[in-house]
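Peer 1: What follows is a structure written as structure tokens; I'll ask about it next.
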Amino acid sequence: MKYTSPRDKAGYYQIVWQVARLIPSGKVSTYGDLAAFIPAPEGKDYRSYRAFGARWVAGAIKNCPDDVPWHRVINSQGRISLRGAAHEQQRKLLEAEGVAFDERDRVDLNVYRWIGPDTGLDDSRLGR
DNA sequence: TCCTTGACTCAGA
DNA sequence: CTCTGAGCCAAGG
Numbered sequence: 000m001k002y003t004s005p006r007d008k009a010g011y012y013q014i015v016w017q018v019a020r021l022i023p024s025g026k027v028s029t030y031g032d033l034a035a036f037i038p039a040p041e042g043k044d045y046r047s048y049r050a051f052g053a054r055w056v057a058g059a060i061k062n063c064p065d066d067v068p069w070h071r072v073i074n075s076q077g078r079i080s081l082r083g084a085a086h087e088q089q090r091k092l093l094e095a096e097g098v099a100f101d102e103r104d105r106v107d108l109n110v111y112r113w114i115g116p117d118t119g120l121d122d123s124r125l126g127r
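Just so it is clear: in the first sequence, position 50 is 49 by numbering that gives the first Met the number 0, and no numbers are missing.
Given below as structure tokens:
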């Protein structure tokens, strides 16, 4: 996967989809985490990238192809960022894969969070 | 061109 | 735990 320009929306989207497709059933990931897998554009520090990346990822997921498991991508709080019917649908899809929600509609990221392909993510890389 | 909005996130109260 | 404000980028009116 090659990511050349920060403005290359189409290319960025494809990378996001590609990474999203790697999320195994029964696991979840966050917009920020997916963004962390993708190299920061030149001229932007990590902090800026982390902030804008999450939104780009959200936009990419929103317009993803049918073969992308969009329901496995939630926000950093372990919650579903949707409202109405779509919220219920996403929750059902996750529960069908064995992902449990607590009484506050949240997923325990310490248990279900996907840590990526080999090198993966760790707290230092996420800047936490 | 300016302004608003968004499937975001973090730090602080 | 919830609510705010600030920070970022892009798209659309």
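Note that the Cβ used here is the ideal one computed from N, Cα and C, for glycine as well.
Which same chain residues, not among the five before or five after Val110, have their C-beta less than 7 Å away from its C-beta?
Peer 2: Contacts found: none.
Peer 1: Is there contact between the segment 84-99 and the segment 46-65, where contact requires at least three CB pairs shorter than 8 Å?
Peer 2: No, because fewer than three Cβ pairs between the segment 84-99 and the segment 46-65 fall closer than 8 Å, the two stretches do not touch.
Peer 1: Cα separation between Asp65 and Val106?
Peer 2: Rounded to the nearest angstrom, the two C-alpha atoms are 24 Å apart.
Peer 1: Measure the alpha-carbon distance for His70 versus Asp104 and round it to whole angstroms.
Peer 2: Cα to Cα, His70 sits roughly 14 Å from Asp104.
Peer 1: Cα-Cα, which of Leu108, Glu94, Asn62 is closest to Asn74?
Peer 2: For the residues Leu108, Glu94, Asn62, the minimum Cα distance to Asn74 belongs to Leu108.
Peer 1: Determine whether the beta carbon atoms of Ser24 and Glu96 lie at a separation below 7 Å.
Peer 2: In contact: Ser24 and Glu96 (Cβ atoms closer than 7 Å).
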